[in-house]
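Quick mapping for you: the protein sequence lines, in order, are chains P and E.
Using the numbering used here, read the first sequence as starting at 1 and increasing by one per residue.
Using the numbering used here, read the second sequence as starting at 1 and increasing by one per residue.
Here a beta-carbon is modelled for each residue, glycine too, at the ideal position from N, C-alpha and C.
Number of protein chains: 2
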Amino acid sequence: MNRSIDYHSTFSIDCVIFGFDEGDLKILLIQRAEEVHIGSLALPGNIARDDEDIDQGAARILNELTGLEEHHLEQLYTFGDVNRHPFGRVITVAYFALLKIRKNKLKPKSTFASNALWIAVNQIPKLPFDHNKIIIKAMERLKNKIRYQPIGFELLPEKFTLSQLQNLYESILQVPLDKRNFRKKILGFGLLVELSEKQKGVSHRAANLFKFDKKRYEHLCSLGFNFEL
Amino acid sequence: MNRSIDYHSTFSIDCVIFGFDEGDLKILLIQRAEEVHIGSLALPGNIARDDEDIDQGAARILNELTGLEEHHLEQLYTFGDVNRHPFGRVITVAYFALLKIRKNKLKPKSTFASNALWIAVNQIPKLPFDHNKIIIKAMERLKNKIRYQPIGFELLPEKFTLSQLQNLYESILQVPLDKRNFRKKILGFGLLVELSEKQKGVSHRAANLFKFDKKRYEHLCSLGFNFEL
DNA sequence: GCAAAAGTGTTAACTTTACACCCATGT
DNA sequence: ACATGGGTGTAAAGTTAACACTTTTGC
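So this is what it looks like as structure tokens:
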């Protein structure tokens with residue numbers, strides 16, 4: 001090991017974790033508990049450990065913050081400008097996660113964070129390092145990806161109404177959608193199961209609840225199906 | 001600098017360089033001139049320099065091999081399994097490039113390569129590290145991207161026939177396309193300029209040559225145009 | 001009974017697909 | 001004169017887009 005490499009540089013892992021709450025797309029930011037910008041709001045992240053694959057590292061960070069094993073997590077992009085870190089050559093591999101907010105009580109502390117909070121994407125403050133740039137990239141990815149992969153469901157509760165789903169798409173794509181056409185199209189995929197249950201606690205006609213049939217989606221994919229909104 | 005980072009790991013940059021020649025999609029491989037697997041065929045790449053942004057590093061590698069400044073180059077994905085490099089913790093940021101083969105005489109040597117050659121994608125041998133995995137990822141990217149960005153032109157000569165273009169799409173997408181429908185669609189974008197020049201040296205009716213109007217593409221994009229085949 | 005959101009179909013415009021023959025050139 | 005690929009149009013099927021009213025429920 002290490003026979004011929006003289007290490008002058010390293011890499012970290014940062015996560016852009018999206019949630020959707022009360023009609024707002026949000027990102028989970030932490031208050032840094034580690035050196036460089038201690039106390040600042042920033043993306044959750046860490047210098048990578050030597051003994052874990054980078055995908056595992058990202059999953060660990062997400063898990064330390066949320067206690068959750070289950071979530072959509074994928075690599076986003078690697079940011080490697082020479083001067084992005086004040087202490088030396090540190091590039092960062094950014095990951096992109098989608099979370100159901102409601103269900104998830106955040107852990108108050110993790111090794112790298114003294115606090116964590118959900119901030120609406122249009123209220124993100126100026127962040128240290130190149131974290132604002134990373135967030136912009138993540139939002140582009142989400143906006144593109146949601147049109148051809150059924151990942152929107154990862155941001156909604158298990159049971160949701162079609163209006164919530166439409167609202168999610170409208171928030172992310174930043175365009176209004178026609179209600180009837182939206183329903184026709186999304187139901188047309190045959191990927192939503194209508195539950196007998198109805199919405200509760202609303203002061204108007206209660207909407208039907210649906211859930212996403214992931215098994216069926218995977219099955220259709222294996223037959224060559226392509227989701228596209 | 002380096003006040004608080006203890007470097008145990010580093011990162012390299014590898015490039016998957018695509019070319020298209022005689023109906024075949026090809027990748028540029030080198031014979032390694034550096035430690036670990038010296039002499040093996042592999043993707044062109046290097047441990048990253050401390051003093052260059054990773055995008056610059058990728059451009060340098062490409063330039064050392066080909067002598068070219070002009071090409072499509074974008075980040076592909078970062079591969080970071082713990083044991084991917086035999087000498088320690090080295091993750092690699094892979095880049096993805098598209099080149100016009102004809103125009104480009106390869107430089108015989110660069111710092112990291114003793115030789116370079118174009119290999120058809122269906123004839124890629126088993127390569128060291130995780131380079132085969134990187135190539136698979138690059139091919140997926142190319143296949144997806146070519147459908148919604150006009151990047152195919154980067155692989156063809158400046159002047160090309162519609163059949164060459166169709167052939168390129170068919171090779172990459174791995175589906176046959178209808179000649180009339182293909183022409184209707186691609187000409188319908190108004191992005192191809194018909195030249196007065198014709199194909200030469202063929203033993204049948206000479207096809208018209210076209211070129212891609214990049215300026216116009218950029219202009220249309222700024223007006224909200226989306227290319228989609 | 002009224003405010004608020006749920007739910008529901010039809011038509012016209014457009015896009016996609018399928019398909020076959022004549023043309024120009026070199027040998 | 002023949003082999004090779006170049007070049008061309010139309011009709012049917014499918015998809016998308018535009019649009020408004022009735023229903024249910026809680027207050």
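Counting only C-beta atoms, is E:GLY80 closer than 8 Å to chain P at any point?
True, the Cβ-Cβ gap to chain P drops below 8 Å.
Against chain E: residues of the stretch 3-18 of chain P by CB proximity under 7 Å
Among the residues of the stretch 3-18 of chain P, those with a Cβ less than 7 Å away from any Cβ of chain E are ARG3, SER4, ILE5, TYR7, HIS8, SER9, THR10, PHE11, in the order of the chain.
P:PHE187 by DSSP, collapsed to three states: which one?
Before going on, a small fix: residue 187 of chain P reads as Leu here, not Phe. Reduced to three states, the DSSP call for P:LEU187 is helix.
Per DSSP, P:LEU231 is paired with what?
There is no way to answer for residue 231 of chain P, as the model of chain P reaches only from 1 to 229.
DSSP state of P:ILE151, grouped into three classes?
Here P:ILE151 sits in coil by DSSP.
Based on the DSSP secondary-structure assignment, which residues constitute the bridge partners of P:LEU192?
P:PHE212, per the DSSP bridge assignment.
If you measure from the beta carbon of P:ARG147 to each beta carbon in chain E, is any gap under 8 Å?
Answer no: the Cβ-Cβ gap between P:ARG147 and chain E never drops below 8 Å.
From the DSSP output, in three-state form, read off P:GLN199 for me.
If DSSP states are grouped into helix, strand and coil, P:GLN199 belongs with coil.
Which residue marks the beginning of the alpha helix (DSSP H) containing E:ARG60, and which one marks its end?
Segment 54-66, the alpha helix (DSSP H) holding E:ARG60.
C-alpha distance - P:GLU64 paired with P:THR111, whole-angstrom precision
Answer to the nearest angstrom: the Cα atoms are 8 Å apart.
Taking E:LEU98 and E:HIS71 to be in contact with their CB atoms under 8 Å, please state how far apart those CB atoms are, rounded to whole angstroms.
Rounded, the Cβ-Cβ distance is 7 Å, consistent with contact.
Minimum Cβ-Cβ distance from E:GLN174 to chain P less than 8 Å:
False, the Cβ-Cβ gap to chain P never drops below 8 Å.
Does any residue of chain E have a CB that is nearer than 8 Å to the CB of P:ALA33?
No, because no Cβ of chain E sits closer than 8 Å to the Cβ of P:ALA33.
With 8 Å set as the bound, which would you pick, yes or no: does the beta-carbon of E:MET1 sit closer than that to a beta-carbon of chain P?
Low local confidence applies: a pLDDT of 49 at E:MET1 is under 50, so the model's placement there is unreliable, with the coordinate-based value given in what follows. Judged by the 8 Å Cβ criterion, E:MET1 is in contact with chain P.
According to DSSP, is P:LEU156 part of a helix, a strand, or is it coil?
If DSSP states are grouped into helix, strand and coil, P:LEU156 belongs with coil.
Check for me: the alpha helix (DSSP H) holding P:SER4 runs from which residue to which?
First-last for P:SER4: undefined, no H or E at that position.
For P:GLN75, report the span of its beta strand (DSSP E) as first-last.
Taken as a continuous stretch (DSSP letters only), the beta strand (DSSP E) holding P:GLN75 covers 72-79.
Return the Cβ separation of P:THR92 and P:PHE11 in integer angstroms, given the expectation that the two are a contact with Cβ distance under 8 Å.
Yes, they are in contact, since the Cβ atoms of P:THR92 and P:PHE11 sit about 6 Å apart, within 8 Å.
Would you tell me roughly how many angstroms separate the C-alpha atoms of E:ILE172 and E:GLY23, rounded to the nearest one?
Linking E:ILE172 to E:GLY23 through their CA atoms gives a straight-line distance of about 10 Å.
If you run the structure through DSSP and keep just helix, strand and coil, what is E:PHE96?
Strand at E:PHE96.
Give the C-beta separation of P:LEU195 and P:LYS143 to the nearest angstrom, bearing in mind that I take them to be a contact with Cβ-Cβ under 8 Å.
Incorrect: roughly 29 Å between the Cβ atoms, too far for contact.
Is the beta carbon of P:LEU28 within less than 7 Å of some heavy atom of the ligand FMN?
Among the components modelled here there is no ligand, and therefore nothing to report on the ligand FMN.
Taking any Cβ of chain E, which residues in the stretch 88-115 of chain P have a Cβ under 8 Å from it, in chain order?
Only GLY88, ARG89, VAL90, ILE91, VAL93 from the stretch 88-115 of chain P bring a Cβ to less than 8 Å from some Cβ of chain E.
Give the residues from the stretch 42-54 of chain P that approach chain E closer than 8 Å (Cβ to any Cβ), ordered along the chain.
Flagged, chain order: ILE47, ALA48, ASP50, ASP51, GLU52, ASP53, ILE54.
Where the beta strand (DSSP E) containing P:ASN122 begins and where it ends:
Secondary structure note for P:ASN122: it is in no beta strand (DSSP E), with a DSSP letter that is neither H nor E.
Please state the DSSP three-state secondary structure of E:ILE172.
Three-state DSSP puts E:ILE172 in a helix.
Leaving out five residues before and five after E:GLN75 in sequence, what residues of the same chain have Cβ atoms less than 6 Å from its Cβ?
The residues are TYR95.
Check the Cβ-Cβ distances between E:GLN164 and every residue of chain P, and say whether any is below 8 Å.
Not one chain P Cβ lies under 8 Å of E:GLN164.
Buried versus exposed, by CB contacts within 10 Å (16 or more), E:ASN226
E:ASN226 is classed as exposed because its beta carbon has fewer than 16 other beta carbons within 10 Å across all chains shown.
In chain E, what lies closer than 9 Å to P:TYR169 by C-beta?
The contacting residues do not exist; P:TYR169 stays about 18 Å from chain E at best.
Give the straight-line distance between the Cα atoms of E:ALA116 and E:GLY188, rounded to the nearest whole angstrom.
When rounded, the separation of the alpha-carbon atoms in E:ALA116 and E:GLY188 is 39 Å.
Beta-carbon of E:GLN199 versus every beta-carbon of chain P: anything under 8 Å?
It does not; no Cβ of chain P falls within 8 Å.
Strictly below 8 Å CB to CB, what residues from chain E border P:TYR217?
Going along chain E, no residue has its Cβ under 8 Å from P:TYR217, so there is no contact; the nearest lies around 19 Å.
Cβ contact check for the stretch 138-153 of chain P and the stretch 164-183 of chain P: 3 or more pairs under 8 Å:
They touch, by the three-pair rule.
Quick check on P:GLN123 - is its C-beta less than 8 Å from some C-beta in chain E?
No, P:GLN123 does not count as interfacial toward chain E.
Residues in its own chain within less than 6 Å of P:ALA206 by CB, not counting five upstream and five downstream?
LYS198, GLN199, listed in sequence order.
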